[in-house]
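Plus 289 on top of the position in the sequence shown (first one is 1) and you've got the numbering used here. The beta-carbon is built from N, C-alpha and C at its ideal position, and this holds for glycine as well. Computed from a prediction, not measured in an experiment: that's the story for all the values here.
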Amino acid sequence: MTYLDNLLFGYYPYICLTIFLLGSLVRFDRDQYTWKSDSSQLLRAGQLRWGSNLFHVGVLFLLMGHTVGMLTPHFIYEPFISAGNKQIMAMVSGGAFGVLGFIGVSLLLHRRLSDERIRINSKTSDIVLLVLLWLQLALGLATIPLSAEHLDGSMMMKLAGWAQHIVTFRAGAPELLAEASIVFKLHMFLGMTIFLVFPFTRLVHVWSGFGAAAYLVRPYQLVRSRRVGLVEREPLSRSAR
């Protein structure tokens, strides 16, 4: 292990996660008017529809798959599926949805750079974020041939072990990546960097997406008429007037 490996895969994850959580909280508290996705649909809708749908379908599946696959301890799924079969399943499903996400983000990036009106109305963070996501998806697809060299699931187990060591604050996490390819390391480093820049970009709207799930369990809204509780009065007679 080198000092750089220990820094990038031992300390850098905690720096990214701290900024990710605290930065999101501070932005929500201080700059709620910037808490949005800044849609450019009015400028050009067609390519946005295809790119956004493909990107979100692909990335949401990958995010869920990575979270469950990396953070689930081996002993939980071992009685049902072997590490090797789990890796093959991850390669097939991750490859399919990775291609969808990559096509989607490529359309979004091309749209934002090729259309002058959209480019002028784009923030620097919008373009930088799309480039980071494009590179991340490309690196993720590049790991599939490398994973095929370890169909016994050994490398996947080490990568999952690293993630579980990080979230449980256990020592020795960087050592698990000693034999990992540079492509895996770049993919992991860039993924952590996306968490680092998350609070400063339009990605914060992801929190709102998860928050919208609360509508499924919230009580029904009660709408009461203004007339409820009012006693109808009989009109006064002319003599009383």
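Between Ser382 and Asn295, the alpha-carbon positions lie close to 31 angstroms from each other. Rounded to the nearest whole angstrom, the CA to CA distance from Leu426 to Val388 is 8 angstroms. The Cβ atoms of Gly354 and Ala379 sit closer than 8 angstroms to each other. Closest in C-alpha terms to Leu448, from the list Gly312, Ile304, His363, Val417, comes His363. At a Cβ-Cβ threshold of 8 angstroms, Thr482 and Cys305 count as neighbours. For Gly384, the enclosing alpha helix (DSSP H) begins and ends at 372-403. Short of 8 angstroms from the beta carbon of Ser326, and not among the five residues preceding or following it, lie these beta carbons of its own chain, in chain order: Arg491, His494. Non-local beta-carbon contacts of Ser403 in its own chain, meaning distances under 6 angstroms to residues more than five positions away in sequence, are absent. Between Arg400 and Ser411, the CB-CB gap reaches or exceeds 8 angstroms. Only residues of its own chain outside the window of five on either side were considered, and among them Phe386, Leu389, Gly390, Gly393 have a CB closer than 8 angstroms to the CB of Val346, listed in chain order.
The three-state reading of DSSP puts Asn410 in coil, since its state is none of H, G, I, E or B. DSSP places Trp324 in the coil class of the three-state scheme, outside both helix and strand.
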